[in-house]
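S.K.:
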Amino acid sequence: MQYTLDRFTHDIRAALEQTGRIPADLTELSEPKASLQADLALACFRAAKAQGGNPAKLAQELAATLQFPPDALVGKVEASGPFLNFTLNAGQFGGAVLGDVIHGVEHYGDDDLGASKTVIVEYSSPNVAKRMHVGHIRSTIIGQALLNILAALGYHTISDNHLGDWGKQFGTNIASMIRFGRPEGNGEAALAEIERLYQRYNRMMKGENADTDDEADDEQMLDDEARSWSLKLEQGDPTARELWQWMCDMTLRVNQRNYDRLGVHFDMAHGESFYRDMTAPVIEEALAAGIAMREPGGAVVVKDLSDERGHELPTFLLQRSDGGTLYQTRDVATIEYREREYRPAIVIYVVEQRQELHFRQAFALAKALGHARDTQLVHVHFGTIFGANGEPLSTRKGNMVYLEALLNDAEARARAVVLEKIGAGKTELPPEEIDAIASAVGIGAVVYNDLYQDVRRNITLDWERMLAFEGNSAPYLQYTFARCCSILREALNRDTSANLLEGLPPFEAMLLREPQEQAVLKQIARLPDAVRRAGQAFAPYIIAEWLYTTAREFARFYRDLSVLKAATPELRAARLALVAATAQSLRNGLHLLGLAAPERM
RNA sequence: GCGGGCGUAGCUCAGCGGAUAGAGCAGCGACCUUCUAAGUCGUUGGUCGUGGGUUCGAUUCCCGCCGCCCGCGCCA
4 MQYTLDRFTH
14 DIRAALEQTG
24 RIPADLTELS
34 EPKASLQADL
44 ALACFRAAKA
54 QGGNPAKLAQ
64 ELAATLQFPP
74 DALVGKVEAS
84 GPFLNFTLNA
94 GQFGGAVLGD
104 VIHGVEHYGD
114 DDLGASKTVI
124 VEYSSPNVAK
134 RMHVGHIRST
144 IIGQALLNIL
154 AALGYHTISD
164 NHLGDWGKQF
174 GTNIASMIRF
184 GRPEGNGEAA
194 LAEIERLYQR
204 YNRMMKGENA
214 DTDDEADDEQ
224 MLDDEARSWS
234 LKLEQGDPTA
244 RELWQWMCDM
254 TLRVNQRNYD
264 RLGVHFDMAH
274 GESFYRDMTA
284 PVIEEALAAG
294 IAMREPGGAV
304 VVKDLSDERG
314 HELPTFLLQR
324 SDGGTLYQTR
334 DVATIEYRER
344 EYRPAIVIYV
354 VEQRQELHFR
364 QAFALAKALG
374 HARDTQLVHV
384 HFGTIFGANG
394 EPLSTRKGNM
404 VYLEALLNDA
414 EARARAVVLE
424 KIGAGKTELP
434 PEEIDAIASA
444 VGIGAVVYND
454 LYQDVRRNIT
464 LDWERMLAFE
474 GNSAPYLQYT
484 FARCCSILRE
494 ALNRDTSANL
504 LEGLPPFEAM
514 LLREPQEQAV
524 LKQIARLPDA
534 VRRAGQAFAP
544 YIIAEWLYTT
554 AREFARFYRD
564 LSVLKAATPE
574 LRAARLALVA
584 ATAQSLRNGL
594 HLLGLAAPER
604 M
């Protein structure tokens with residue numbers, strides 16, 4: 004898809020190539036720093052060197068040679084030392100950008116580079132029989148944002164919640180409920196109780212509870228019991244299956260409330276259990292290929308496997324000596340299943356950094372077995388969240404932060420701020436909208452906290468920052484959008500609209516010549532590129548950065564230039580169109596990150 | 001030991017081959033009878049972990065070292 008800035012770049016490169024002075028591979032343009040008054044630049048060093056000339060001289064000659072018609076997108080062409088600077092033709096630029104937005108509306112910024120290829124994003128993936136905590140929120144939020152971005156780029160997206168609903172821990176869960184009884188109730192509290200029973204059993208198994216006259220025998224017995232329930236579950240024992248199903252159903256119901264609040268939606272939730280009957284073929288396949296070996300004890304191991312970079316990977320297991328399968332086995336089975344079923348071009352795993360090795364092994368094994376040849380397997384790994392004092396969060400230490408409580412807290416804080424603003428006469432809001440606004444703002448702050456920076460970084464939990472409503476934060480972005488809407492309401496006498504540019508009076512974009520107006524236009528024009536870069540780098544923060552810069556530029560425009568009281572009706576109409584285009588673009592960007600865009604705040 | 005991630009302002013982070021290294025927060029000082037001050041402006045603050053190398057040019061690429069986090073067979 005070609006947007007205005009694409010055309011700008013294309014026109015310059017074409018003109019450069021036409022001069023015959025620069026080979027096509029040296030016409031790479033770069034964006035000068037904001038402090039310089041140019042929109043694109045060509046560094047002439049390499050081209051000059053190739054022909055044995057002086058870069059500054061070449062820049063000068065090119066500046067003298069290049070000609071663009073008055074109605075072109077390219078305006079001034081100037082040499083500045085060894086750089087050749089190009090400036091947008093302000094008169095043409097505004098109309099072109101606003102035209103792009105009017106044409107695209109809620110799809111402005113989208114692209115077709117995904118070309119309907121299928122991409123599967125696996126994210127959230129909480130464990131059954133446990134409450135979701137801050138660790139899961141990262142995967143959930145990052146994954147949803149990536150999914151939105153990739154969908155905007157034209158990919159056929161499939162979101163999959165790869166639930167942790169299988170494995171040895173359910174043996175322990177079942178054993179603990181057989182021993183201590185099944186918890187009553189149904190919600191988050193019942194999940195917490197299951198966790199407590201699990202931990203209690205686990206401690207006894209490890210002999211950490213010296214409250215009874217436990218002997219080592221008992222510990223061994225408890226361990227055998229858990230292991231045996233795990234195997235019974237794999238073999239379809241009715242009691243085991245019933246308890247397991249009960250845990251799964253309840254967990255899904257509880258989690259769904261969190262997903263609803265976060266605006267997260269899954270096309271499917273195939274947990275690990277879904278692949279349980281597909282693991283045996285994986286093991287056989289690996290053995291037959293000679294990549295895996297069965298050890299005398301019965302365990303199946305993979306040795307001497309290398310990753311794509313040629314690094315030898317540590318040995319890992321596909322089957323336990325007691326016959327049970329492992330996470331690794333199921334993940335390879337998952338790769339094979341997805342390939343058979345969906346033929347994806349890309350599969351993205353939004354999973355914490357700690358599992359980097361696990362995925363390198365799974366990917367390498369799948370490739371070694373000849374699978375996923377045409378599939379890009381990507382582990383988008385994010386950093387760990389630490390407590391305020393820098394300590395790891397853990398249930399054992401009792402410093403765990405649960406998702407539901409976090410969202411409640413964020414909403415409550417946002418609500419307090421909303422009421423404070425109303426009380427101070429800063430805003431007027433219909434009472435029935437207050438809850439929705441508090442929710443949009445509070446949850447937006449939490450979501451944005453996970454998206455505004457490169458996801459690879461670790462995060463130290465800081466409530467003040469996480470729920471910050473100032474500076475580079477979701478509420479600031481939402482506030483800017485609300486200000487745009489406020490102007491549109493005044494001028495157009497209308498409230499909500501899917502198309503914020505609908506019903507604008509005729510306007511002449513040529514009139515938008517002030518630097519503040521041009522700066523906003525330039526930012527609007529950059530959205531498509533931000534979306535492309537975010538998708539290519541699997542980096543939602545690129546959208547966040549675009550949003551923030553756009554909001555800042557709009558704030559400057561807002562401060563200096565009045566829309567409603569513009570000097571002439573023509574100028575007012577043009578600025579109104581600029582506001583509408585800003586609002587539409589901001590909303591598109593907010594939606595890509597999964598953030599709500601309230602029209603009043 | 002091997003492998004992965006990260007070291008940029010007091011704190012949290014952008015920038016990752018080009019022209020004086022940018023934001024937010026915190027600090028200091030301004031600006032609301034004006035389209036919402038959840039805002040804006042000014043100001044203080046940097047040997048870009050460190051030592052080499054490549055290059056006309058390195059915070060950015062390569063190599064060594066140091067520091068922090070994480071991972072490395074029967075958990076997920």
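Letter by letter, the first sequence follows residues 4 to 604 of the working numbering. Ideal placement from N, C-alpha and C gives every residue a C-beta, glycine not left out.
Using alpha carbons as the reference points, say which of LYS79, ALA439, GLY78, ALA99 lies closest to ARG603.
M.R.: ALA439
S.K.: What is the DSSP secondary structure of PHE48, counted as helix, strand or coil?
M.R.: helix
S.K.: Pull the bridge partners of SER162 from the DSSP assignment, please.
M.R.: VAL124
S.K.: For GLY393, collect the residues of the same chain with a Cβ closer than 7 Å to its Cβ; drop the 5 residues on either side in sequence, then sort them by chain order.
M.R.: THR463
S.K.: Short check: CB of ALA441 to CB of ALA471, under 8 Å?
M.R.: no
S.K.: For ARG603, does the three-state DSSP call read helix, strand or coil?
M.R.: In the structure shown, the three-state DSSP call for ARG603 is coil.
S.K.: Spatial neighbours of THR143 within its chain, please: CB distance less than 7 Å, with the 5 preceding and 5 following residues excluded, ordered by chain position.
M.R.: TYR126, SER127, LEU265, VAL267
S.K.: What residue does the alpha helix (DSSP H) around LYS171 start on, and which one ends it?
M.R.: 171–183
S.K.: Who are ASN130's beta bridge partners in DSSP?
M.R.: GLY167
S.K.: Using the DSSP secondary-structure output, state which residues sit across from THR328 in a beta bridge.
M.R.: GLN322
S.K.: Return the chain-ordered list of same chain residues with a C-beta closer than 6 Å to the C-beta of ARG297, the five sequence neighbours on each side being excluded.
M.R.: VAL303
S.K.: Give the secondary structure of GLN40 by DSSP, where H, G and I count as helix, E and B as strand, and everything else as coil.
M.R.: coil
S.K.: Can you tell me the Cα-Cα spacing of ASP217 and GLN259, whole angstroms?
M.R.: Note that ASP217 scores a pLDDT of 47, beneath 50, so its modelled location is shaky; the value from the coordinates is reported in the next line. Each residue's alpha carbon lies about 41 Å from the other.
S.K.: Who are the Cβ neighbours of GLN202 in its own chain at under 8 Å, not counting the five residues just before and after it?
M.R.: THR398, ARG399
S.K.: With H, G and I counted as helix, E and B as strand and the rest as coil, what does DSSP make of THR68?
M.R.: helix
S.K.: Got a sec? Which residues, its chain only, sit under 7 Å from THR282 by beta carbon, not counting five neighbours each side?
M.R.: So the list reads THR328, THR332, ARG333, ALA336, once near-sequence residues are dropped.
S.K.: I need the DSSP call for MET271, collapsed to helix, strand or coil.
M.R.: strand
S.K.: My output table needs one value for ASP217: the three-state DSSP class, helix, strand or coil.
M.R.: Confidence in ASP217 is poor, its pLDDT being 47 and thus under 50, which makes the residue's placement unreliable; the coordinate value appears in the next sentence. Reduced to three states, the DSSP call for ASP217 is coil.
S.K.: Less than 6 Å between C-beta atoms, sequence neighbours within five positions excluded: which residues of the same chain meet that for ASP1?
M.R.: No answer is possible for residue 1: it lies beyond the span of the chain, which begins at 4 and ends at 604.
S.K.: So, helix, strand or coil for PHE86, using DSSP?
M.R.: In the structure shown, PHE86 falls within a strand segment according to DSSP collapsed to helix, strand and coil.
S.K.: Among the residues of its own chain, which have a CB less than 7 Å from the CB of ILE15, if the five just before and after it don't count?
M.R.: LEU32, LEU43, VAL77, PHE89
S.K.: Can you check whether the CB of LEU321 is closer than 8 Å to the CB of GLN364?
M.R.: no
S.K.: Going by DSSP, what residue range makes up the beta strand (DSSP E) through PHE385?
M.R.: Boundaries of the beta strand (DSSP E) around PHE385: 379–385.
S.K.: Report all residues from its chain with a CB closer than 8 Å to the CB of TYR561; omit the five preceding and five following residues, and keep chain order.
M.R.: ARG486
S.K.: Run the CB neighbour count on THR585, radius 10 Å, all protein chains shown included, and call it buried at 16 or more, exposed below.
M.R.: Its Cβ being crowded by 16 or more others within 10 Å, THR585 is buried.
S.K.: Taking only the alpha-carbon atoms, compute the straight-line gap between ALA193 and ALA229 and give it to the nearest angstrom.
M.R.: 21 Å
S.K.: Give the single residue among ALA522, ARG312, GLY301, TRP247 whose Cα lies nearest to the Cα of SER276.
M.R.: TRP247
S.K.: Which partner residues does GLU81 have in the DSSP bridge list?
M.R.: ASN88
S.K.: Going by DSSP in three states, ARG297 sits in which element: helix, strand or coil?
M.R.: strand
S.K.: If I follow the unbroken beta strand (DSSP E) through GLU355, where does it start and stop?
M.R.: 349–355
S.K.: What separation, rounded to the nearest whole angstrom, lies between the Cα atoms of ARG529 and TRP549?
M.R.: 8 Å
S.K.: Indicate the three-state DSSP secondary structure (helix, strand or coil) for HIS136 in the structure shown.
M.R.: strand
S.K.: What are the boundary residues of the beta strand (DSSP E) that VAL303 is part of?
M.R.: 303–305
S.K.: Expressed to the nearest angstrom, what Euclidean distance is found between the alpha-carbon atoms of GLY428 and ASN591?
M.R.: 30 Å
S.K.: Express the C-alpha separation of HIS273 and LEU406 in angstroms, rounding to a whole number.
M.R.: Going by the C-alpha atoms only, they are around 22 Å apart.
S.K.: What are the start and end residues of the alpha helix (DSSP H) that includes ALA375?
M.R.: Run containing ALA375: none; DSSP gives neither H nor E here.
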